[in-house]
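Just add 488 to the spot in the sequence shown (first one is 1) and you have this note's numbering.
From the three backbone atoms N, C-alpha and C, an ideal C-beta is built for every residue, glycine too.
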Amino acid sequence: MVDITLGLDKNNKIWNLLEDEENKLMKAGHIGTHIDVYKKSNIPLEYFKTKGVLINCTNYCIDSEVGMEVLKNKEITEGSFVIFKTSIQVNYSYGSDIYMNQHPELSWELINYLLDKNVNFIGIDCAGIRIGKEHIKADIKAEENSTYVIENLDLSKLNGTIEDEFDVYTMWIENPFSTGLSTRVLVDIL
489 MVDITLGLDK NNKIWNLLED EENKLMKAGH IGTHIDVYKK SNIPLEYFKT KGVLINCTNY
549 CIDSEVGMEV LKNKEITEGS FVIFKTSIQV NYSYGSDIYM NQHPELSWEL INYLLDKNVN
609 FIGIDCAGIR IGKEHIKADI KAEENSTYVI ENLDLSKLNG TIEDEFDVYT MWIENPFSTG
669 LSTRVLVDIL
């Protein structure tokens, strides 16, 4: 079992983002590994255990768009957890400007394909599947299709060439006040 939750100790400077926040509870839900739920939907409990698919995107630069080409020779099935590994955390620390605002992003064509496949989760090791104003738009579109985006995974412990089947266990805490749910994600390679 491998924990791919981004570990943040209490001394991490990212917590400084909460200092001036009026609603610390809402903002804290978006720190570290979390699920975005801007529409406040309830994630089905059946999503706890899913089949995982790891997509290696480590050859993409910052500010680049990841397209359909990454799915070559990959089978995406309904109910799966599709994980995109960019390895941005190798060169840019969590919370840095580049990490938050210039990371690789998924193309709309790729996002729509995953939504059409009815995947349960789209996970990524950076701040979102889209950048800027399209970040929240992509999260909401996914949520409206019963697919949830999980951001800030720590994929450093996963071999970028995992081809074997693996299960993903996703645990979240429902919070009616926050649009981000703190999440723990574990991978079990079969």
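Helix, strand or coil at L494 according to DSSP, with G and I counted as helix: As a first step, residue 494 must be located in the sequence shown, where it is residue number 6. Three-state DSSP puts L494 in coil, outside helix and strand.
Three-state class that DSSP yields for Y580 in the structure shown: In the sequence shown, the residue the question calls residue 580 occupies position 92. Here Y580 sits in coil by DSSP.
Spatially closest choice to T667 from I543, I519 and C549, by CA coordinates: Position 179 of the sequence shown holds residue 667. Here the closest residue by C-alpha is I519.
Beta-carbon proximity of H528 to I628, cut-off 8 Å: Translated into the one-based positions of the sequence shown, residue 528 becomes position 40. Translated into the one-based positions of the sequence shown, residue 628 becomes position 140. Correcting the residue type first, residue 528 is Lys in the shown sequence and not His. Cβ atoms of K528 and I628: not closer than 8 Å.
Given N547 as reference, the closest of E534, S575, D524 and I523 once Cα atoms are compared: For the purposes of this step, residue 547 is taken as the residue at position 59 of the sequence shown. Just measuring C-alpha positions, the residue of E534, S575, D524 and I523 sitting nearest N547 is S575.
Buried or exposed by the 16-neighbour rule on C-beta atoms within 10 Å, applied to P664: Taking the first residue of the sequence shown as 1, we reach residue 664 at position 176. Counting the other Cβ atoms within 10 Å of the Cβ of P664 gives fewer than 16, which makes it exposed.
C-alpha distance - G555 paired with A626, whole-angstrom precision: Your numbering for residue 555 matches position 67 in the sequence shown. Your numbering for residue 626 matches position 138 in the sequence shown. Going by the C-alpha atoms only, they are around 15 Å apart.
Proximal residues to D655 (C-beta, below 8 Å), its chain only, five neighbours per side dropped: Translated into positions along the sequence shown, residue 655 becomes position 167. If we look at D655 and ignore the five residues flanking it on each side, its Cβ neighbours are K537, T538, K539, G540, V675, D676 and L678.
Status (buried if at least 16 other CB within 10 Å, exposed otherwise) for N608: Translated into the one-based positions of the sequence shown, residue 608 becomes position 120. Note on N608: 16 or more other CB atoms within 10 angstroms of its CB, so buried under the neighbour-count rule.
Unbroken stretches of the alpha helix (DSSP H), 4 residues or longer, contained in the stretch 562-632: Correct list: 585-589, 596-604 and 621-632.
Residue range of the unbroken beta strand (DSSP E) whose run includes T667: As a working note, residue 667 is residue 179 in the sequence shown. No residue range can be given for T667, since it is assigned to no beta strand (DSSP E) and is classified by DSSP as neither H nor E.
One or two residues paired with L559 in a DSSP bridge: Residue 559 sits at position 71 when you count from the first residue of the sequence shown. Paired residue(s): none; L559 is not in a bridge.
Paired residues, beta bridge with D655 - DSSP: Your numbering for residue 655 matches position 167 in the sequence shown. Paired residues: K539 and D676.
Per DSSP, cross-strand counterpart(s) of E639: Start at 1 with the first residue of the sequence shown, and residue 639 comes out as number 151. According to DSSP, E639 bridges with H522.
Among G611, L594 and L643, nearest to E622 - alpha-carbon criterion: Mapped onto the sequence shown, residue 622 falls at position 134. That would be L594, whose Cα lies nearest to the Cα of E622.
C-alpha distance - V525 paired with N561, whole-angstrom precision: Locating residue 525 in the sequence shown gives position 37, where the first residue counts as 1. Locating residue 561 in the sequence shown gives position 73, where the first residue counts as 1. Answer to the nearest angstrom: the Cα atoms are 31 Å apart.
Outcome for P532 when other beta-carbon atoms lying within 10 angstroms are tallied against a minimum of 16: On the sequence shown, position 44 is the one that residue 532 refers to. Exposed is the call here.
DSSP-derived helix/strand/coil call for E662: Mapped onto the sequence shown, residue 662 falls at position 174. Correct three-state label for E662: coil.
Environment of T493 [buried if 16+ CB atoms lie within 10 Å]: Indexing the sequence shown from 1 puts residue 493 at position 5. Result: buried.
Cβ-based neighbour list, E632, same chain, cut-off 8 Å, excluding 5 preceding and 5 following: Numbered from its first residue, the sequence shown carries residue 632 at position 144. So the list reads K527, once near-sequence residues are dropped.
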